[in-house]
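Comments concern the structure below.
There are 2 protein chains.
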Amino acid sequence: MSELGGGPNPLFLREEELVRGIEMLFYAYRDFTSDPDEILKNYGFGRAHHRVVHFVGRNPGMSVAELLAILKVTKQSLSRVLSQLVREDFVRQQKGTRDRRQRLLYLTDKGQALFDELSRPQRARVARAYREAGAEAVAGYRRVLIGLLNQDERDAVLASVEKNQ
Amino acid sequence: MSELGGGPNPLFLREEELVRGIEMLFYAYRDFTSDPDEILKNYGFGRAHHRVVHFVGRNPGMSVAELLAILKVTKQSLSRVLSQLVREDFVRQQKGTRDRRQRLLYLTDKGQALFDELSRPQRARVARAYREAGAEAVAGYRRVLIGLLNQDERDAVLASVEKNQ
DNA sequence: AATTATATGTCAACACTACTGACCAAAAAA
DNA sequence: TTTTTTGGTCAGTAGTGTTGACATATAATT
C-alpha cells in the first residue's frame, strides 16, 4: 500500500510509522490493564466492574445515563455489573433531587477502597512512564491521545478529564 | 490520597495528572477500536480476529507460539479464532521447514484484503492525530507508551514494532 | 534407540462482557 | 393530559476469555 496522502509526507506520517502507532497502543493497553485484572480476580470482578468503579469514583453523583455515555455500552451490559456492585456494597445509589427518576451513583467506603487499590498500580505505571519520558513527552502523549478520539467526543472527554483540575 | 513519592513532584507527576493519563488511555482505546469493530461485524468476526489478522499480517510466517506471546491469551482462546480464520481462508498455515512441528502463519489474499480494510480507518485516525499534534508530540507519545509497558516486555515489543523499519 | 521436551491441536466446562429487542414504571417536560 | 426521558428488567444469543486434561508429531537429549 502506498502513502495515505499520495504526496510526500513528513517522516512520522509514513505508512510504517502509522502502523507502529497502532501497535504501540495495543501493547500499552494490554500491559496497562494487566495489574487491575489480577486484583479484580480476588473480588470475582472483571474489567467492566473496574470501569464502573473508576468513573463513579471520579464523578461522584453521576447518573446512569452519564455513565453509559462514557462507557459506550448498552444499558443491559452496565446493569449487570452495576447491580452487582450495588448488591455487594461497593456502589451506592441515591435518588436524584432535581430529577427523581435518576439514580445518582456514589462509591461506598468499600468502593473507594477498591478504587484506590485498583488505581495504585496504574498510577505507579503512569508515573514511571511520565518520569522516564519527561514533561515534554507527556504533553505530546496527551495531545496525540486527544487526536485519536472521535471528533464529536473530544469536548465531552476533555470536560470529563479536566473537571477535577 | 497524597502524592505518590511523598516529596514535591513536578507538575506532570501530580496525582490528578496521573489519573488523567489513565483515563485518556481508556478513551483513546475506546474510540480507536470502534472503526474496526464496525467492519468486523460484516464478517461475523470480533476483536480477537482482528488482532490475529493484524499481527499475522505484520509478521508473515510467525509461529503460533509467537502469536500467543504477543496476544497474551491462552492457546484455547486463540485456537477458536485462528481455526475459524483458517477455515474461512483468511489465514494459511504452513509447516515449518526448520521445525516441522510449527505451523507458520500467513495471510491469504483474502486475509490481506481484510487486513487492509481494517487498518485503513485506524491509519487514518493515527495520521490525523499525528498531523494535528506534530512530530515532537508524536515522539513523546511513543516514549510514554513504551514507558507504560511491562519492563520485561519492552525489548520484545520494540523488536516487534521496529522490525519493519 | 529410548526418553524427554516442545509445538500445536482438541475437548469439555465455565465465566465475563457484550449485544438485540421487548416491555414496564416513574417522573419530568411539553 | 400526552409525550418523552430515565431507569430497570427479562429472555436469548454471541464473542472472548479462562482452566485442565489429553493427544500427536517432532525435536532434542541421553
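Each protein sequence line maps, in turn, to chains H and L. When we follow my numbering, the leftmost residue of the first sequence carries the number 1, and every step to the right adds one. When we follow my numbering, the leftmost residue of the second sequence carries the number 1001, and every step to the right adds one. A virtual CB, placed ideally from N, CA and C, is assigned to each residue, including glycine.
Span separating the alpha-carbon of residue i from that of residue j
i	j	result
Leu1085/L	Gly1057/L	13 Å
Arg100/H	Gln93/H	12 Å
Leu1078/L	Phe1032/L	22 Å
Glu1162/L	Asp1089/L	28 Å
His1050/L	Arg1103/L	19 Å
Phe1055/L	Gly61/H	42 Å
Lys1110/L	Asp1037/L	18 Å
Arg30/H	Gly96/H	37 Å
Val1073/L	Ala1048/L	10 Å
Gly140/H	Glu1136/L	7 Å
Pro1121/L	Arg98/H	42 Å
Tyr1130/L	Val144/H	6 Å
Tyr1157/L	Ala69/H	Residue identity differs from the one stated: residue 1157/L is Val in this sequence, not Tyr. Their backbone Cα atoms lie some 33 Å apart in a straight line.
Any C-beta of chain L under 7 Å from that of residue i
i	result
Phe45/H	no
Arg154/H	no
Arg143/H	yes
Val157/H	yes
Gly111/H	no
Leu18/H	yes
Gly21/H	yes
Proximity test, Cβ basis, 7 Å: residue i and chain H
i	result
Thr1024/L	The identity of residue 1024/L in the sequence shown is Met, whereas the question assumes Thr. Judged by the 7 Å Cβ criterion, Met1024/L is in contact with chain H.
Asp1031/L	yes
Tyr1027/L	yes
Arg1014/L	no
Gly1147/L	yes
Ser1002/L	Note that Ser1002/L scores 47 on pLDDT, short of 50, meaning its location in the model is unreliable; the coordinates nonetheless yield the value given after this. Not an interface residue.
Unbroken alpha helix (DSSP H) run spanning residue i, endpoints
i	result
Tyr141/H	Ala135 to Leu148
Glu16/H	Glu15 to Phe32
Leu1011/L	Careful: Leu1011/L lies outside any alpha helix (DSSP H) and carries neither H nor E.
Glu1197/L	A query on residue 1197/L cannot be resolved here, the shown segment of chain L reaching from 1001 to 1165 and no further.
Note down, in chain order, all residues in the stretch 1121–1139 of chain L with a beta-carbon under 9 Å from any beta-carbon belonging to chain H.
Gln1122, Arg1123, Ala1124, Arg1125, Val1126, Ala1127, Arg1128, Ala1129, Tyr1130, Arg1131, Glu1132, Ala1133, Gly1134, Ala1135, Glu1136, Ala1137, Val1138 and Ala1139
Of all the alpha helix (DSSP H) runs that stay within the bounds of the stretch 38–113 of chain H, which reach a length of 4 or more residues?
47–58, 64–71 and 75–87
What residues from the stretch 40–64 of chain H come within 9 Å of chain L, judged by C-beta to C-beta, listed N to C?
Arg51, His54, Phe55 and Arg58
Return the residues of the stretch 1074–1092 of chain L that lie within a Cβ-Cβ distance of less than 9 Å from chain H, sorted by chain order.
none
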